[in-house]
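Written out below as structure tokens is the structure these notes cover.
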Amino acid sequence: MLDSDLLYSFRRSPLAVASAAVALILILAAVLAPWIAPQDPTDVANLNLLNSFNPPLPLDGSDWTFPLGTDEQGRDMLSAIMFGSRISLIVGAAAVIFAVVVGVAVGLLAGYAGGMVDAFLMRAADVQLTFPSILMALLVDGVVSAVLPRNMHATFQIYVLIFAIGISRWPQFARTVRGSTLVERNKDYVMAARLIGLGRVRIMATHILPNVLGPVLVLGTLTLGLAILDEATLSFLGVGLPPTQPSLGTLIRLGDDFLFSGQWWVTIFPGLALVLMVLSINLLGDWLRDALNPRLR
Amino acid sequence: MPEVPTLEAQGISRLFDVSRPWLQRVLSHEPRLLLRAVDDASFAITRGSTLSLVGESGCGKSTIARMAVGLMPPSDGEIRFEGNPLSTARAQPALRRRMNMIFQDPYASLNPRWRVRDIVAEPIRAFSILSGGQAIAGRVGELLVQVGLAAADGEKYPHEFSGGQRQRVSIARALASEPDFLVCDEPTSALDVSVQAQILNLMRDLQQRLGLTYLFISHNLAVVRHVSDRLGVMYLGRIVEQGPAETIFHTPRHPYTRLLLDAIPDLEMVGRSRTPVGGEVPSPIDPPPGCTFHPRCPLANARCRAEQPAYTEVGEVQVACHAVAEGRETA
Amino acid sequence: MSLLEIDNLTVEFPTRRGVLRALDSISLSIEAGEVLGVVGESGAGKSLTGVSVIGLLEPPGRVAGGQIRFDGKRIDNLPYEAMRRIRGRQIGTIFQDPLTTLNPLYTVGHQLVETIQTHLALSESDARKRAIHWLTEVGIPAPAQRIDAYPHEFSGGMRQRVVIALALCAEPRLVIADEPTTALDVSIQAQIITLLKRLTRDHGTAVMLVTHDMGVIAETADRVAVMYAGRIVEIGPVAEVIRHPAHPYTEGLMGSIPSLEHRVARLRQIDGAMPRLNAIPPGCAFNPRCPKVFDRCRIERPDLLDAGVTRAACWLYDGAPANFRDVNVRGVNARGMNA
């Protein structure tokens, strides 16, 4: 019944349908990039300097094989964007999953146990909130580069990023879940479970968890957009993904040099892709939040 | 030889610390605030009978319900289940499953995300009464039919049922552990009158068929009259009158019991006017000294204001009232 | 001409699954100074009736047919401003929960004075004097001091007394009371009922008392309308409806109420449940559960028919009422015939 109400509300909202469609196209293009991209941008053999700085269609000098133009090394922008979106999405999604797992666990525990455990966990969340993701990334990055040998930096960078972004975003999930847990904990069905002697972990996992996940879905969707932006910001600042594994943020940074020398497309198109992706995900998240709300009335 | 009562409470009390957080207390020089929700209550329920505890809000009946089933330990006094201390009984699965509870709110007592068949099966699984999907499903079906639903209703979610039907599911779940003793915390207060009649009749049938013992909590005296063998009237944490239900209804002795019986709007009251007693139930945090009922009692004297009354036996009824002890009450 | 006339009122709620008819062509009237009880179980539509009269029907709910007339004039189609002037001055309201009726941020006196000044042209000091007078009337001790207290400083019963004062201070001719005692303790309920009865008698105010509690109706009302699935199934003098109910639903309802006076072996129960609004059977809404059902009940919906002293929407009474019931002349209110 919930699903059909949700579907009904979805069909009634043109914005939801449109943003879902856009998001779906972008996500599919990103996920399937290795198979459907016209060119593999990491394959050096593909590069031909003669193709460098081709403008996008329909400008003069453009080429059908490079619909969005090429960069300074002749790399196809469309493929670069598709692969870049893929990385951005992977980092963003992984970071959100990390934040959700940690946040939900902490929130459940804090809400159900109460007392000192609750106080301690929520103060930990507060402390975490004082460190924005950029700061976290720099911190973690610094630690990791001190520990690892140089040649391994690049391969680990993606995990560093996922960890840094994820760990800066778990407190919101913890707070939301804690609030819902506090409400559910006092309900009679939890008391009925306690009565037959079920352990606390079992009650939290089987009874309370399913009832607090609703807001998590909404928050997760919105956080996905934010996480992608976090990663783009970090990459743009140079502490994110390296040029060997460029995300959209990295692409924007690399193309930034050419913005005012005439080859604007090298930075603008990755930027547009980023905007479209985050916007459509955010709109979807907004709709989801509103659609799930009236049911609570 | 008298049989061991199924549940026996001796002098139980329960205190809640409702003080403000430590820092605020220290800064504003406030003392600790202790709420005495239950004060020295004693009762015994024999097997197969129903004891009802009745009273208005804040009288402590819900707290007693929680203590009787072991969800909360008493601050003082002792509770025994078939002669065993309750805490020991709760620690053993074999005894723990013999007691269960039915709750007031049909909308909060079933997990909205679970199907009914899982809700009812949970005690069966928790106590390993049966194993194997087939056997459990069969038993769940039986239980649902026993409470007046259909076996196929197990597939549904709670929100697909009405309030009365949800209470039936609650009862089915409580019966799943094959209990002997059920605490019923206002099971029909949230239901419409005609649905209430169905549920009360159902509970009566189940008691007769399965030999159940009930501790029935309610604020509705008419319902209580219908279901009880014995009755305890509570006021601000104390049981002020206790005894066979019919005797109390026929000849209420404690002034509060009389007030309650007079106050209830009743179908028979058509055309009659009443003279209600004034005042309201005082806050349990700061109860009046002596007999807590004295501010509202027409028979209060100086002794009532100073000294808490002990129980007086009047036939089979115990009454905590100085006026009764001194023979001052009017007929 | 009655003070309030509800004439074939229909209220609908359009939903994505179709239009739900929450009130289906109900008619009743209230005379000046009388207390009409509207009783029914959850979902029967009794609160909705009160809400519709006062014009507080929330969209998407809408009046889809019929009329509501107050003092002979239509009020169901009035513009906002005109309805606002009627509320409080002509028709007062008492809702169930005093905690949400009173604004926690303003003193009790402020709210009373505001209401008085809105509807009566009085100066601030005169309005305040009147507010204190009303607090005395409803039994608040030390009213001159308590008038400046905030709602949370009163107990539940005291708060409801303030709400009654608020409803009556502009001297309305009709008060709609929706479950005024349900949220209160039993011993307080009695006090509030007595208070309400006395005040409305003294000021000649009519009352529409909406509740599920038949005991409250028995004590307070002159006449009662019994509602089921958005329809009125019986209406008549309270003593008659309780002691000699004509409609099978009313009969079942009265039988299922446990009595304080004596204990029965088994309560009368009506099998099944009230139908949901989207699943109301054709013909008489009660027919699937009725012990006296026959064919016509399943096809045609009965209007309120003359059943002796009361009127009941039941095909059993189509024809000579004298064949079915002994008309009880003891204490019959002549107005019952014109209900």
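Protein chains in written order, with the working numbering: chain A, 88 to 384; chain B, 5 to 335; chain C, 70 to 408. Beta carbons are placed, not taken as given, at the ideal position from N, Cα and C, and that holds for glycine.
Just checking: is the beta-carbon of residue i within a distance shorter than 8 Å of some beta-carbon in chain C?
i	result
B:Q212	no
B:L2	No answer is possible for residue 2 of chain B: it lies beyond the span of chain B, which begins at 5 and ends at 335.
B:D189	no
B:V285	yes
B:G52	no
What whole-angstrom Cβ distance do residue i and residue j have, given they're in contact under 8 Å?
i	j	result
C:T289	C:G119	Their Cβ separation, rounded to whole angstroms, is 15 Å, which puts C:T289 and C:G119 out of contact at 8 Å.
B:L114	B:I106	The Cβ separation is near 12 Å, so there is no contact.
C:V182	C:R197	6 Å
C:H281	C:A382	Incorrect: roughly 19 Å between the Cβ atoms, too far for contact.
A:G198	A:L269	5 Å
With DSSP as the reference, identify every bridge partner of residue i, one or two as the case may be.
i	result
B:N104	B:L186
B:D122	DSSP output for B:D122 lists no bridge partner at all.
C:V104	C:V276
A:L304	None, per the DSSP bridge assignment.
C:D340	The partner list for C:D340 (beta bridge, DSSP) is empty, contrary to what the question assumes.
A:D150	A:F153
C:Q136	C:D76
C:I311	Its beta-bridge partners do not exist; DSSP assigns none.
A:Q332	DSSP lists no partner for A:Q332.
C:K142	C:F139
C:G87	C:T84
B:P89	B:R84
C:M296	C:I301
Against chain B, with Cβ distances strictly below 8 Å, would residue i count as a contact?
i	result
C:N402	Caution applies to C:N402, whose pLDDT of 31 falls short of 50 and renders its modelled position unreliable; the value that the coordinates give is listed next. Output row for C:N402: interface = no.
A:L383	The predicted model places A:L383 with a pLDDT of 43, which falls under 50 and marks its position as unreliable; any figure quoted below should be read in that light. No, no contact with chain B.
C:Q260	yes
A:D275	yes
C:R337	yes
A:I283	yes
A:V104	no
A:A279	yes
C:D395	For C:D395, the predicted model reports a pLDDT of 40, less than 50, meaning its position is unreliable and no value from the coordinates is stated.
C:V255	yes
C:N407	At C:N407, the pLDDT of 28 sits below 50, so the modelled position is not reliable; the number obtained from the coordinates is stated separately. Not an interface residue.
C:E110	yes
Over what stretch of residues does the beta strand (DSSP E) that includes residue i continue unbroken?
i	result
B:S56	54-58
C:A246	243-247
B:E317	315-318
C:T162	160-163
B:G236	234-239
B:P248	242-248
B:E12	11-21
B:V321	321-324
Would you say the beta carbon of residue i is closer than 7 Å to some non-hydrogen atom of the ligand HEM?
i	result
C:D375	The ligand HEM is absent from the structure shown, which contains no ligands of any kind.
Considering just the uninterrupted stretch of the alpha helix (DSSP H) at residue i, what are its terminal residues?
i	result
C:P212	212-215
A:A206	202-216
A:I114	101-118
C:E150	149-155
C:P167	167-170
Counting only beta-carbon atoms, is residue i nearer than 8 Å to chain A?
i	result
B:P109	The displayed chain sequence assigns Asp, not Pro, to residue 109 of chain B. It does: the Cβ of B:D109 has a partner Cβ on chain A nearer than 8 Å.
B:P116	yes
B:P292	no
B:A112	yes
Residue i CB to nearest chain F CB: under 8 Å?
i	result
B:G247	This model lacks chain F altogether; the protein chains it does include are A, B and C.
Taking Cβ-Cβ distances below 8 Å as the criterion, which residues of the region 192-213 of chain B are in contact with chain C? Along the region 192-213 of chain B, going in chain order, the ones with a CB nearer than 8 Å to a CB of chain C are D196, V197, S198, V199, Q200, A201, Q202, L204, N205, R208.
Can you pull out the residues from the region 118-138 of chain B whose beta carbon lies closer than 9 Å to at least one beta carbon of chain A? Residues passing the 9 Å Cβ filter: W118, I123, E126, P127, A130, F131.
Name, going along the chain, the residues of the region 260-274 of chain B whose beta-carbon falls closer than 8 Å to a beta-carbon of chain C. Answer in chain order: L263, L264, L265, D266, A267, I268, P269, D270, L271, E272, M273, V274.
Going along the region 240-252 of chain C in order, which residues come within less than 9 Å of chain B, judged by CB to CB distance? Residues of the region 240-252 of chain C whose Cβ lies closer than 9 Å to any Cβ of chain B, in chain order: T250.
Can you give me, in chain order, the residues of the region 215-237 of chain B that have a beta carbon less than 7 Å from any beta carbon in chain C? Against chain C - using a Cβ distance shorter than 7 Å - the residues of the region 215-237 of chain B are H223, L225, A226, V227, R229, H230.
Chain-ordered residues of the region 277-303 of chain C with a beta carbon less than 7 Å from chain B: Hits within the stretch, in order: H281, D282, M283, G284, V285, A287, E288.
Any residues in the region 156-172 of chain B with a beta carbon nearer than 7 Å to a beta carbon of chain C? Which ones, in chain order? Flagged, chain order: S166, G168.
Residues in the region 289-302 of chain A having any Cβ partner in chain B nearer than 8 Å: Those residues of the region 289-302 of chain A that come within reach of chain B (Cβ to Cβ, closer than 8 Å) are H294, P297, N298.
Closer than 7 Å between beta carbons: that is the criterion. Which residues of the region 58-78 of chain B meet it against chain A? Against chain A - using a Cβ distance shorter than 7 Å - the residues of the region 58-78 of chain B are V73, L75.
Scan the region 323-334 of chain C for residues whose Cβ lies nearer than 9 Å to a Cβ of chain B and list them as they occur along the chain. Per Cβ criterion, the list reads M323, G324, S325, I326, P327, S328, L329, E330, H331, R332, V333, A334.
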